[in-house]
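Asker: Please find one structure pasted underneath; my questions will follow.
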Amino acid sequence: MTGDELHEAHRKLGLSASRAARLFMVSSGRTVRRWWSGERDVPGPVIVLTRALVESPSVRRFFGVTIDEG
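Per this note's numbering, the sequence shown starts with residue 14, numbered consecutively.
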């Protein structure tokens, strides 16, 4: 998953950089923005959880995340 794909998935899920940082248990939104920009590789576990959030309503419910239909 590229940084652009991750950013689009997070946008669809309504995740800001700071909220994504809390969800993925990283130090700050700056880390997430580095993934989005391609400055840093997206870690495998982040890819797996992001895909699960996009694809599974039960995973979204568990983490309190919704799909932005707009």
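Quick reminder that beta carbons are idealized off the backbone N, C-alpha and C, glycines included.
Roughly how many whole angstroms lie between the Cα atoms of Glu52 and Ile60?
Answerer: If I take the Cα positions, the gap works out to 16 angstroms.
Asker: Do the CB positions of Leu19 and Val67 come within less than 8 angstroms of each other?
Answerer: No, these two residues do not count as a Cβ contact at 8 angstroms.
Asker: I need the boundaries of the alpha helix (DSSP H) containing Glu21, first residue and last residue.
Answerer: From DSSP, the alpha helix (DSSP H) with Glu21 extends over 16 to 25.
Asker: What is the residue span of the alpha helix (DSSP H) that Pro58 lies within?
Answerer: Here the alpha helix (DSSP H) through Pro58 covers 57 to 68.
Asker: Expressed to the nearest angstrom, what Euclidean distance is found between the alpha-carbon atoms of Gly27 and Ala33?
Answerer: Answer to the nearest angstrom: the Cα atoms are 9 angstroms apart.
Asker: Report the rounded CA-to-CA distance for Thr79 versus Thr44, giving the unit in angstroms.
Answerer: If I take the Cα positions, the gap works out to 22 angstroms.
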